[in-house]
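See below for the structure under consideration.
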Amino acid sequence: MKRAIALIDGEHYPGVVREALEEISARFDLRAAVFLGGTEKIDTSLVGDAEQNEYGVPVFLHEDASEALLLAISEHEPEVVIDLSDEPVLGYVERFRYASLTLASGAEYRGADFTLLPPSFHELSQKPSVSIIGTGKRIGKTAVSGFMAREISRAFSASGRDEGVVVVAMGRGGPPEPEVIEGRQRHIGVDELLAYSRQGRHAASDYLEDAALSSVTTIGCRRCGGGLAGEPFISNVVEGARIAEKLPADLLVFEGSGAALPPIKVNRTICVAGADQPYDYILGYLGSFRILISDLVVLTMCEEPLASPAKVEKLKKDIRELNPSAEVVATVLRPKPDGDIRGRRVAYFTTAQGEVVDRIAEYISSTYGCTVDFISTELADRRKLRQALSELGGGEVDIFLTEIKAAAVDVVAEEAARRGTEVVFCDNVPMEVDGDERLGRLVIGLAEQAIADFS
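For the sequence shown, numbering that gives the first Met the number 0 gives the first residue as 0, with consecutive numbering after it.
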């Protein structure tokens with residue numbers, strides 16, 4: 000039988016709870032209960048006394064019920080946590096918090112009419128690994144993945160480890176069979192991506208972006224669907240991982256997709272969260288599960304009007320309270336062209352939100368010595384993007400500067416080819432809002448920890 004602990008409260012009469020616990024004991028190896036609160040129908044002075052309480056099992060009691068649950072999990076290592084509580088002690092918000100704590104321990108969380116399962120993670124046997132997960136789409140996972148790949152590759156090369164990293168990226172438009180792109184051996188440019196697109200393939204997939212902009216070997220995989228805790232409904236990432244293990248690499252980096260997690264057991268985890276997201280997407284629901292399993296949290300979009308300084312500070316504070324062992328870094332994303340645009344007239348294509356695009360355009364102009372004469376934020380909407388391109392007269396710009404996202408290849412690069420206009424791809428680089436340069440040191444340190452853990 001599976002080892003179990005139960006969550007109970009004082010809003011139920013002890014006799015009713017005991018009957019439920021006896022029913023659980025018939026199907027599970029019930030080790031203990033965790034008291035969540037509520038005093039209407041019990042004398043709490045006896046709850047924590049295993050000899051005198053009315054429940055018939057040891058009960059964990061703490062002024063912070065989350066701590067009581069963690070203590071019970073630590074002592075009994077349950078395979079399932081069974082929720083016998085209800086309103087008003089356990090509401091929707093609280094229930095997701097306890098579910099997150101449970102899933103982060105690797106146990107199931109069961110209630111009267113639901114079961115939440117922790118994601119299935121397949122173990123690697125030959126390479127150390129890091130996972131980059133997120134709390135949603137378009138929050139900068141690929142930017143952080145590319146930044147990490149470049150920083151680690153430089154650090155490893157400087158220390159005599161020349162095999163570097165291999166990035167395994169899964170996406171909604173990934174290939175049917177895992178595909179290796181030797182971005183370390185050759186430059187992946189617009190002509191190659193156009194060739195992919197003309198074959199009917201998604202040429203702006205994350206693994207192609209990583210290979211083109213970070214000059215690392217990548218493996219493209221696909222996934223469909225994503226559960227509450229991030230498990231894909233289907234994916235070929237495990238097959239991609241098996242291929243990755245056979246390639247020269249000092250470290251494997253597994254890149255998530257949206258809020259879906261790579262189904263691989265890794266040595267260390269980075270979580271990317273957008274400060275512009277609703278608070279509960281990061282620290283509520285099962286966003287808190289993602290924070291709990293992470294060693295480093297990178298907050299992106301930490302600028303007004305996307306997120307106020309007060310919101311950013313609250314996110315940092317609450318993330319640290321939830322997971323005190325995790326480092327937290329607040330960043331903004333800024334473009335870095337993969338080519339020379341100095342002195343040129345530029346049309347810039349991005350998925351960035353309209354509220355900050357003028358600031359980003361000014362950054363491009365001042366940093367790279369060009370003029371940004373045209374901007375489109377419709378890279379993810381092909382109809383609006385084509386309309387915007389139709390309004391851009393011939394000869395108005397010298398260069399199409401575009402992220403490798405969404406319709407960057409099949410619409411923007413194709414239109415550039417039709418016009419004979421040069422295309423320069425651009426990366427998005429995380430820049431710390433406090434001007435510090437901790438992030439590079441942290442990702443290198445995390446990589447070293449992953450290697451040490453594996454060894």
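All C-beta atoms, glycine included, are put in the ideal place defined by N, C-alpha and C.
Please list, in chain order, all residues of the same chain as R137 whose beta carbon is under 7 Å from its beta carbon, the five residues on each side excluded.
Counting from 1 along the sequence shown, the entry for residue 137 is found at position 138. So the qualifying residues of the chain are T350.
Tell me where the beta strand (DSSP E) around R222 begins and ends.
The residue you call residue 222 lines up with position 223 of the sequence shown. It spans 216-223 - the beta strand (DSSP E) in which R222 sits, taken as one unbroken run.
Sufficient close CB pairs (3 or more, under 8 Å) joining the stretch 149-157 to the stretch 262-280:
no
According to DSSP, what are the bridge partners of S84?
To locate residue 84, count along the sequence shown from 1; it is residue 85. Its beta-bridge partners do not exist; DSSP assigns none.
Can you list, in chain order, the residues of its chain whose CB lies under 7 Å from that of G225, leaving out five sequence neighbours each side?
Along the sequence shown, read from residue 1 onward, the residue named residue 225 stands at position 226. Closer than 7 Å at Cβ, skipping near neighbours: P231, G257, A258, A259.
To which residues of the same chain is K315 closer than 8 Å at the C-beta, ignoring the five residues directly before and after it?
If you number the sequence shown from 1, residue 315 lands on position 316. Correct list, in chain order: L298, V327, A329.
Kindly list the residues whose CB is nearer than 8 Å to the CB of H61, restricted to its own chain and excluding five residues on each side of it in sequence; keep chain order.
The residue labelled residue 61 in the question sits at position 62 within the sequence shown. Contacts found: A67, L70.
What residue range does the alpha helix (DSSP H) around M147 cover?
The residue you call residue 147 lines up with position 148 of the sequence shown. Note, M147: alpha helix (DSSP H), 140-157.
Cβ pair count under 8 Å reaching 3, the stretch 85-94 against the stretch 27-39:
yes
Sheet register partners of K245 (DSSP bridge):
Along the sequence shown, read from residue 1 onward, the residue named residue 245 stands at position 246. According to DSSP, which records beta bridges pairwise, K245 is partnered with nothing at all.
So A210 and G182 are supposed to be a Cβ contact under 8 Å. How far apart are they, rounded?
Counted from its first residue, the sequence shown places residue 210 at position 211. Counted from its first residue, the sequence shown places residue 182 at position 183. Indeed they touch by this definition, with Cβ atoms about 3 Å apart.
Got a sec? Which residues, its chain only, sit under 6 Å from P118 by beta carbon, not counting five neighbours each side?
Here residue 118 is taken as the residue at index 119 of the sequence shown, counted from 1. Cβ neighbours of P118 beyond the five flanking positions: A228, G229, E230, L260.
How big is the Cα-Cα spacing for D435 and V296?
Position 436 of the sequence shown holds residue 435. Position 297 of the sequence shown holds residue 296. Their Cα atoms are separated by approximately 16 Å.
Assuming E162 contacts D279 under a Cβ cut-off of 8 Å, what Cβ separation, rounded to an integer in Å, is found between them?
As a first step, residue 162 is located in the sequence shown; it is residue number 163 there, counting from the start. As a first step, residue 279 is located in the sequence shown; it is residue number 280 there, counting from the start. Actually they are not in contact, since the Cβ atoms of E162 and D279 sit about 41 Å apart, beyond 8 Å.
Any idea what DSSP makes of V237, helix, strand or coil?
Here residue 237 is taken as the residue at index 238 of the sequence shown, counted from 1. DSSP places V237 in helix when its eight states are reduced to three.
If the criterion is Cβ atoms closer than 9 Å, does the pair G219 and G173 meet it?
Here residue 219 refers to the residue found at position 220 when the sequence shown is read from its first residue. Here residue 173 refers to the residue found at position 174 when the sequence shown is read from its first residue. The answer is yes: Cβ separation under 9 Å.
Compute the Euclidean distance between the alpha carbons of R358 and M300, then round it to the nearest angstrom.
As a first step, residue 358 must be located in the sequence shown, where it is residue number 359. As a first step, residue 300 must be located in the sequence shown, where it is residue number 301. For R358 and M300, the distance between alpha carbons rounds to 13 Å.
Residue environment, H460, which counts as buried when at least 16 other CB atoms sit within 10 Å:
The requested residue 460 is not part of the displayed model; the chain covers only 0 to 454.
Mind pulling the beta strand (DSSP E) runs of 3 or more residues that sit fully within the stretch 95-130?
107-110, 113-115
For L6, which beta-bridge partners are listed by DSSP?
Here the question's residue 6 lines up with position 7 in the sequence shown. The partner list for L6 (beta bridge, DSSP) reads V33, D82.
Classify A25: buried if its beta carbon has 16 or more other beta carbons within 10 angstroms, exposed otherwise.
Your numbering for residue 25 matches position 26 in the sequence shown. When all chains shown are included, A25 counts as exposed.
Neighbour-count burial assignment, A157, 16 or more Cβ in a 10 Å radius
The residue given as residue 157 occupies position 158 in the sequence shown. Counting Cβ neighbours within 10 Å, A157 comes out exposed, since fewer than 16 surround it.
Per DSSP, the bridge partner or partners of D426:
As a working note, residue 426 is residue 427 in the sequence shown. DSSP output for D426 lists K335 as bridge partner(s).
With which residues is G170 paired in a DSSP beta bridge?
Counting from 1 along the sequence shown, the entry for residue 170 is found at position 171. DSSP, once it has assigned bridges, lists R221 as partnering G170.
Backbone secondary structure at L391 - three-state DSSP:
As a working note, residue 391 is residue 392 in the sequence shown. Coil, per DSSP.
With burial defined as no fewer than 16 other Cβ atoms inside 10 Å of the residue's Cβ, what is the status of S213: buried or exposed?
Mapped onto the sequence shown, residue 213 falls at position 214. S213 comes out buried.
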